[in-house]
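Presented below is the structure to which this report refers.
Protein chains: 2
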Amino acid sequence: MPERIYNFSPGPATLPFSVLEEAARDIVNFKDRGIGLIELSHRSKEFMAVADETESLIRELLDVPANYKVLFLQGGASSQFFMIPMNLLGPGKKATYLNTGVWSKKAIKEAENFGDITVAYSSADVSFNRVPEDTEYTVSPDSEYLYLVSNNTIYGTQFSSFPQKDAMLVCDMSSDILSRPLDISKFGIIFAGAQKNMGPAGVTVVIIREDLLDKVAENVPTMLKYKTHADKGSMFNTPPTFAIYCVGRVMHWLKNQGGVAAMQRINEEKAALIYKIIDSGDFYRGHAEKTSRSMMNIAFNLPTPELEAQFINEAAAIGLDGLKGHRSIGGCRASIYNAFPIEGVKKLVDFMARFSADNS
Amino acid sequence: MPERIYNFSPGPATLPFSVLEEAARDIVNFKDRGIGLIELSHRSKEFMAVADETESLIRELLDVPANYKVLFLQGGASSQFFMIPMNLLGPGKKATYLNTGVWSKKAIKEAENFGDITVAYSSADVSFNRVPEDTEYTVSPDSEYLYLVSNNTIYGTQFSSFPQKDAMLVCDMSSDILSRPLDISKFGIIFAGAQKNMGPAGVTVVIIREDLLDKVAENVPTMLKYKTHADKGSMFNTPPTFAIYCVGRVMHWLKNQGGVAAMQRINEEKAALIYKIIDSGDFYRGHAEKTSRSMMNIAFNLPTPELEAQFINEAAAIGLDGLKGHRSIGGCRASIYNAFPIEGVKKLVDFMARFSADNS
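Chains G and B are the protein sequences, given in the same order. Straight run, no breaks: the first sequence in this note's numbering ends on number 479. Straight run, no breaks: the second sequence in this note's numbering ends on number 479.
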């Protein structure tokens, strides 16, 4: 095997190497059946077992209550931005959104076509460098739900705990699902594109409380009703079989790591190493306010854009790849999802120490 | 390598073995870059090159005119059933549909929410065993388009030539795209799920004439406007990178086979072998009328359901898999898309001869 680089990309992102090896084997010859994984009919008993196992592992790892469905959909998290209000709202119905960055803004824009949307909080005026405390906003009692993005990849912010409000939560967890334990019962819908913490791009996991399935209007297109997919076990039409398989293998790996509680400890340890060097002097500046810091994405700046460019290039030259920040805020960003190895974090931290010493 | 079975499944389906081997290698280590294919950022220069090459090869193989966009979308062909009328129709606008089976019916149902739909032809009364001649229906001049399914997997029917009408054609080519040359200029939209002739499940290729992009109403969700994806080169949000990669490798393989004209000759040869034995006696009965026969899916019956079950089981025992017909019409079906090898067809034909001799 040639040397692996450390891939700090925000998504698609690093996956467990063992999963890549399993996928490589199964793509050519699935379980020695003489047929490739991606050639299997989605209705074959072999693939049905894959899909069932993937769902079971998600339920087990996240302790999903029995009155929730776990769906495998397509179209990315971006398709949830309109599917949620299309299924849950309608003329005169209200929902409350928290604006903590680009992905919230996109969700708000789509929702406004389907209901009466209140943006109860925004950190736009501070470059989205924070997420709110519960005391900073209110949710109207007639709001159908409170929408939030749990982790904001671009800015490196994260809700360290979820809002304690009376409203049902609807949450975009694309970039931190399965990184820590959750009380699912507080949520009506949780969704996440797979390509950060769960697998390759091409499948979106939706966890939805069953009573919400029937709220949808009759004339909504069949494929856009959650109920369609819930009733057919995500097999109403051909699902993205390869992506579902990979999610299952990642779940299997995650279970072997000790599950989400163990993963949270590892994630905290990894993030702490980077925040420690950021806080150790004036050379690096974290983008997020300390109480809003993300364990998944760490956005930071150097003294000048020129030094940032040099930093990114020198890092890449020693196999630390994908450290460029998002174009909307610039700077640098280290994305260290579940599968990102701590050895890579340590190598980055060593490099950061050396780079600041050499360039201060 | 263990022995490969011959996989007659209707989709996901057989892929070129060389593509499976390439995918297996690149998943672990993409072009020796020390990173897996499915870990690559979709905005990395490596993946952008993959997507560009995939699009170029489709354009080359299908001779796509410059005023058409080639898009890579998610949600399966089933999502096109509503996206097409959502983008092209609206209150008072008309479209004409040909009902040649389950997939047409689903498309008609979704379209009826968005416009005034005329079903100009239906073969429902003859178990969808045929597709129409041009003389069997008319298209109103104020129809925005004429919609058809070029190949009907369940019934084994196919349009041997496309309608010569004044109307712009919109065509579901999920099960025969790239199986023969096309005059794209007759079509406004061509779409196809990848999982039959192009790659794994999880991406839908849409070929759309550019002037149609601007017909969409403002309040349609962003992700459901073709224009959104056309303007961003199918990178408005994270695309299904693995599926796009595989389509590219299959296109590369197809080009090496001699392109779609060569593929048509091979497909005709393969289908003729099976139809010949069906027509050689009374034991096998083809479902489709002879002039409507498909080169891609061959649906047939045996004298009794019991013999059909025995046929399917004995075939599977010698590595001829997936021959069970669709539940809606029963019987047997051999799906022999581009990548299905002629050796497998010959083995099936030999088995069919033996089975009928043994059981007549």
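The beta carbon of each residue, even a glycine, is placed where N, CA and C say it ideally should be.
Interface residues of chain B facing residue i [CB-CB closer than 9 Å]
i, result
"G/Asn432", "Residues of chain B passing the Cβ test: none, with the nearest at roughly 14 Å."
"G/Ala170", "Neighbours of G/Ala170 on chain B: none; closest Cβ ~12 Å, over 9 Å."
"G/Pro282", "Within 9 Å Cβ-Cβ: nothing; G/Pro282 doesn't reach chain B, min ~26 Å."
Beta-carbon proximity list for residue i, same chain, < 7 Å, skipping 5 on both sides
i, result
"B/Val468", "Leu392, Ile393, Ile396"
"B/Pro121", "With a pLDDT of 46 at B/Pro121, under the threshold of 50, the modelled position of this residue cannot be trusted; read the value that follows with caution. None."
"G/Pro359", "Gln193, Gly321, Val322"
"B/Glu263", "Leu207, Leu208, Lys212, Lys213, Ala214"
"B/Cys365", "Val138, Ala142, Gly318, Pro319"
"G/Ile227", "Tyr216, Asn218, Ile236, Val238"
"B/Lys466", "Tyr125, Leu439"
"G/Tyr187", "Ile303, Ile326, Ile327, Arg328, Glu329"
"B/Phe149", "Gly155, Leu156, Leu159, Glu165"
"G/Phe278", "Val250, Leu267, Ser269"
"B/Leu343", "Met202, Met205"
"G/Ile146", "Gly155, Leu156, Ile157"
"B/Leu442", "Phe127, Ile431, Ala434, Cys451, Arg452, Ala453"
Neighbour flag for residue i against chain G, beta carbons, 7 Å
i, result
"B/Val183", "no"
"B/Glu263", "no"
"B/Ser399", "no"
"B/Leu197", "The sequence shown places Ser at residue 197 of chain B, not Leu. True, the Cβ-Cβ gap to chain G drops below 7 Å."
"B/Ala142", "yes"
"B/Pro260", "no"
Own chain partners of residue i with C-beta closer than 6 Å, once the 5 adjacent residues on each side are dropped
i, result
"G/Asn420", "Arg404, Gly450"
"G/Pro300", "Val379, Ala380"
"G/Ser353", "Leu190, Phe191"
"B/Ser411", "Arg249, Val250, Thr276"
"B/Ala170", "Ile363"
"G/Thr133", "Asn126, Ala458, Phe459"
"B/Asp261", "Lys213"
"B/Asn271", "Thr219, Gly220"
"B/Pro131", "Gln314, Ala320"
"B/Ser413", "Asn270, Gly275, Thr276, Gln277"
Cβ of residue i within 7 Å of any chain B Cβ
i, result
"G/Arg404", "no"
"G/Glu387", "no"
"G/Ala418", "no"
"G/Gly194", "yes"
Listed by chain order, chain G residues near residue i by CB distance under 8 Å
i, result
"B/Ile154", "Arg123, Ile124, Asn126, Asp440"
"B/Gly312", "Thr357"
Closer than 7 Å at the beta carbon, the chain G residues around residue i
i, result
"B/Leu139", "Ile146, Val147, Gly155"
7 Å Cβ cut-off: residues of chain B touching residue i
i, result
"G/Ser160", "Ser128, Pro131, Gly441"
"G/Val174", "A small fix is needed here, since residue 174 of chain G is Glu in this sequence, not Val. Chain B residues near G/Glu174: none, gap ~17 Å exceeds 7 Å."
Residues that residue i contacts on chain B, provided the C-beta gap is smaller than 8 Å
i, result
"G/Asn232", "Asn338, Pro340"
"G/Ala320", "Ile157, His161, Thr357, Pro358, Pro359, Thr360, Phe361"
Per-residue contacts from residue i into chain G (C-beta, under 9 Å)
i, result
"B/Pro135", "Here the premise fails: no neighbours, minimum Cβ distance about 10 Å."
Same chain only: Cβ atoms within 8 Å of residue i, ignoring 5 sequence neighbours per side
i, result
"G/Lys225", "Ser197, Phe200"
"B/Met382", "Leu297, Ser298, Arg299, Leu373, Gln376, Asn457"
Contained beta strand (DSSP E) runs [length at least 3] in the stretch 228 to 298 of chain B, N- to C-terminal order: 235 to 241, 262 to 268, 288 to 291
Got a sec: which bits of the stretch 325 to 355 of chain B sit with their beta carbon under 9 Å from any beta carbon on chain G, in order along the chain? Asn338, Val339, Pro340, Thr341, Met342, Leu343, Phe355
Please name the residues in the stretch 199 to 221 of chain B whose beta-carbon is closer than 8 Å to at least one beta-carbon of chain G, in chain order. Phe200, Phe201, Met205
Give the residues from the stretch 356 to 375 of chain G that approach chain B closer than 8 Å (Cβ to any Cβ), ordered along the chain. Asn356, Thr357, Pro358, Pro359, Thr360, Phe361, Ala362, Cys365
Please list, in chain order, the residues of the stretch 452 to 463 of chain B that have any C-beta partner in chain G closer than 8 Å. none
Please go through the stretch 315 to 352 of chain B and give each complete beta strand (DSSP E) segment of 3 or more residues, from N-terminal end onward. 323 to 328
Taking only runs that begin and end inside the stretch 398 to 456 of chain G, name each unbroken alpha helix (DSSP H) of 4 or more residues, in chain order. 424 to 436
With 8 Å as the limit, tell me which residues of the stretch 227 to 255 of chain G have their beta carbon closer than that to any beta carbon of chain B; keep them in chain order. Lys228, Glu229, Asn232
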